[in-house]
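Worksheet: one structure, shown below.
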Amino acid sequence: MDIDRRLFELCEPALDREGYELVWVQVTGTGGTRRKAVVYIDSEQGVDVESCARVSRLIDPLIEESEIFKAAYLLEVSSPGLDRPLYKSSDYEKFAGSKARVVLKRPLEGSRRNFTGILRGLDNGKILIEIEGGETFRLPLEDVHKAQLIYEWK
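Position one of the sequence shown corresponds to residue 29 (our numbering), numbered consecutively onward.
Structure representation (structure tokens):
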């Protein structure tokens, strides 16, 4: 299991108990360089600086005790931002009605990998996305390489 996944599984239960959603974890640095763990959180009330500080104080002792990192590391807690990535299947339901970009690992029906449009949810493991012009595509969740929301300034 990679270090990102181990850290995610370590922190998620504690964050759930405190009312936070663990969106994703990103660990950078290897070997002789100092490791940096960036933990992205969300909540129904949103995320502010105090939320990030609270979560940092909550998970730092868990990380220390687990010895995931054998040497010094830097912990950063952040919101996922307006253009947050979509990782969990529940994200596609949660953000139905929002504009998103989905990139597939391989072309759908032989020609297209990139889809930008309005998320319409998830149906039997397929992401529903309506592109400009009204056509709706059913994208296999297991074929997603990258997906993220697109914030539109109005």
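The beta carbon of each residue, even a glycine, is placed where N, CA and C say it ideally should be.
Own chain partners of residue i with C-beta closer than 7 Å, once the 5 adjacent residues on each side are dropped
i      : result
Pro108 : Val51, Tyr68, Asp70
Ala124 : Leu147, Arg148, Gly149
Arg84  : It should be pointed out that residue 84 corresponds to Ser in this sequence rather than to Arg. Here the set comprises Leu103, Val105.
Gln32  : The sequence shown places Asp at residue 32, not Gln. So the qualifying residues of the chain are Val53, Gln54, Val55.
Within-7 Å CB hit, residue i to chain B
i      : result
Asp111 : As a matter of chain content, chain B is missing from the structure shown, which is built from one protein chain.
Residue interval of the beta strand (DSSP E) (run including residue i)
i      : result
Asp88  : Element bounds for Asp88: not the beta strand (DSSP E) but the alpha helix (DSSP H), 77 to 94.
Arg134 : 127 to 136
Lys175 : It should be noted that the sequence gives Ala, not Lys, for residue 175. Counting along the chain, the beta strand (DSSP E) containing Ala175 begins and ends at 172 to 177.
Lys154 : 154 to 159
Glu104 : 101 to 106
Phe165 : 164 to 168
Gly145 : 140 to 151
Asp70  : 63 to 70
Identity of the residue in the options nearest residue i by Cα
i      : options                        : result
Val105 : Val77, Leu156, Glu158, Ser117  : Val77
Tyr101 : Pro89, Ser117, Glu163          : Pro89
Glu121 : Gly153, Glu163, Ile31, Leu35   : Gly153
Ser126 : Ile31, Leu156, Pro41           : Leu156
Asp171 : Gly57, Arg141, Val55           : Arg141
Ala128 : Glu137, Glu158, Leu103, Ala65  : Glu158
Trp181 : Val130, Gly57, Leu110          : Leu110
Asp151 : Gly162, Gly145, Pro135, Pro168 : Pro168
Glu46  : Cys80, Glu160, Ser94           : Cys80
Ala99  : Ser139, Thr58, Ile87, Ser118   : Thr58
Glu72  : Pro135, Arg33, Glu49, Glu160   : Glu49
Ile178 : Phe165, Arg166, Arg112         : Arg112
Close beta carbons around residue i, own chain, < 6 Å, minus the five adjacent residues each side
i      : result
Phe97  : Arg63
Thr144 : Arg129
Supposed close pair residue i, residue j - CB separation, criterion 8 Å
i      : j      : result
Leu114 : Ala42  : Leu114 to Ala42, Cβ: 23 Å. No contact.
Ala65  : Val75  : Not really, about 17 Å apart at Cβ, beyond 8 Å.
Val55  : Leu38  : Not a contact, Cβ separation roughly 12 Å.
His173 : Lys133 : 5 Å
Residue i, enclosing alpha helix (DSSP H) - first and last residue
i      : result
Glu49  : Not the alpha helix (DSSP H): Glu49 falls in the beta strand (DSSP E), residues 49 to 56.
Pro41  : 31 to 45
Lys122 : 117 to 122
Same chain, Cβ closer than 8 Å to residue i, five either side skipped, listed in chain order
i      : result
Arg82  : Glu46
Pro135 : Arg141
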